[in-house]
Each structure stands twice: as structure tokens, then as C-alpha cells.
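Position one of the sequence shown corresponds to residue 67 (the working numbering), numbered consecutively onward.
Every residue gets a Cβ at the ideal spot worked out from N, C-alpha and C, and that includes glycine.
Report on the structure given below.
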Amino acid sequence: MQVGDPISEEIIIRARESFARQGLMAHLGVEITEVRAGIVKLRLPFRPELTQQHGYFHAGGTSAIADSAGGYAGFTLFPEGSSVLTVEFKLNLISPAQGNYLEAVGRVIKNGRTLTICQLDVWGVDGKRRKHVATGMQTLICLHDTPDLPASR
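Structure below.
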């Protein structure tokens with residue numbers, strides 16, 4: 067399977083069900099807009115509660131959706147019965163994040179047995195205008211034989 071290929075409905079459902087268990091994404095109002103092999107797109111609608119002092123989207127929200135988009139991009143290529151965690155990521159904020167919503171795109175660059183590398187990009191979207199607001203890289207770890215379920219407390 068190549069990055070960008072269509073994937074089975076089972077993988078899409080597995081990714082969407084896992085995403086639905088993320089409390090932070092629900093709190094922020096983030097939704098999945100696209101799931102393909104090694105690519106996931108997320109949308110964060112604008113709300114004043116998500117801004118910093120100048121009225122731009124806060125870097126915390128920008129970073130959170132970039133991290134989740136990459137994590138789920140990797141997850142689409144992981145074997146059934148495994149789960150994903152971020153090992154590290156770096157995000158460059160290249161323009162003030164503004165618009166009706168932010169769109170985060172996670173794309174797998176190198177899928178390995180244990181570690182996977184993703185490209186992260188975030189766009190501010192306002193009507194037909196799309197402005198690149200952040201870019202970065204991420205390393206994920208595939209937790210083999212570790213079901214993607216909530217951790218025990």
C-alpha cells in the first residue's frame with residue numbers, strides 16, 4: 067500500500083473510533099475530514115476561546131491538531147491490534163494562524179516497523195484563501211500488540 071491510496075473501511079473506522087476517544091480533540095471541536103493510507107486531514111473551526119492575545123489561533127491548538135493529524139496518518143498504516151504514540155515532533159510556526167478554520171495534514175514520509183516519520187502541515191482557511199501557517203516533522207512509535215484502548219488510571 068502506498069501513501070495516499072484508498073484504504074479499507076475497517077481501517078477508517080478504527081482510526082475514527084480512536085480519534086473519537088481523544089478528549090482534547092473533542093474539547094477543541096476538531097473533526098476528521100479525510101483518511102487515506104498514510105494521510106489524515108483534521109479541521110479546527112475558529113472560536114474566540116482558541117485564540118491568543120492578538121486574536122490568532124493559539125499555537126497550542128495549532129500544535130495539537132498537527133500532532134494528531136500525523137499520529138493518525140501513521141496509525142492508518144499500523145497493523146491491527148497496535149496503537150500509536152508520538153515520540154517527538156517539531157513544528158515551525160511560519161505565519162499567524164487565522165481563518166474560518168485550521169486544516170492540519172499529516173503525511174507519512176517513512177513507515178517503519180517500530181518508528182514512523184511524518185510531515186506535518188497546518189493551513190489557515192478563509193473561504194477560498196489558504197495560507198500555510200505551520201510545518202514540521204514528527205516521529206511516532208508503533209506499540210505492537212497493544213490495543214488502542216484507554217489507559218488504566
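Excluding the 5 residues flanking residue i on each side, which residues of the same chain have their C-beta closer than 7 Å to its C-beta?
i      : result
Ala139 : Gly104, Ile105, Val106, Gly172, Arg173, Val174, Cys184
Gly202 : Ala132, Phe155, Lys156, Leu157, Asn158, Leu186
Val69  : Ala103, Gly104, Ile105, Arg173, Val174
Excluding the five sequence neighbours on either side, which residues of its own chain have a C-beta within less than 6 Å of the C-beta of residue i, listed in chain order?
i      : result
Gly95  : Pro111
Arg113 : none
Gly165 : Gly190, Val191, Asp192
Ala163 : Tyr122, Phe123, Thr128, Gly190, Val199
Met67  : Ala103
Based on DSSP bridge pairs, tell me the residues matched to residue i.
i      : result
Arg195 : Asp192
Ser149 : Leu209
Pro114 : DSSP, once it has assigned bridges, lists no residue as partnering Pro114.
Arg173 : Ile105, Gln185
Gln119 : In the DSSP output, where bridge partners are listed per residue, Gln119 has none listed.
Is the distance from the Cβ of residue i to the Cβ of residue j below 7 Å?
i      : j      : result
Leu186 : Gly136 : yes
Gln204 : Phe155 : yes
Asp214 : Ser84  : yes
Leu108 : Thr152 : no
Ile25  : Thr142 : Residue 25 lies beyond the range of the chain shown here (67 to 219); nothing can be said about it.
Met91  : Ser129 : no
Tell me which same chain residues have a C-beta within less than 8 Å of the C-beta of residue i, skipping the five on either side of it?
i     : result
Pro72 : Arg102, Ala103
Arg82 : Ile98, Val101
Out of the options, point me to the one whose CA is closest to residue i's CA.
i      : options                        : result
Ala217 : Arg113, Gln88, Glu75, Arg179   : Gln88
Phe144 : Val199, Asn177, Ile79          : Asn177
Ser149 : His93, Ser161, Ala200, Arg80   : Arg80
Gly127 : Glu169, Ala86, Val69, Glu146   : Glu169
Ala200 : Tyr122, Thr212, Lys194         : Tyr122
Gly147 : Ala163, Leu209, Lys197, Pro162 : Leu209
Arg195 : Glu75, Asp211, Thr212, Tyr167  : Tyr167
Ile160 : Arg179, His124, His198         : His198
Val188 : Thr212, Arg179, Asp211, Ala125 : Ala125
Curious, which full-length alpha helix (DSSP H) runs of at least 4 residues does the stretch 77-101 contain? 89-94
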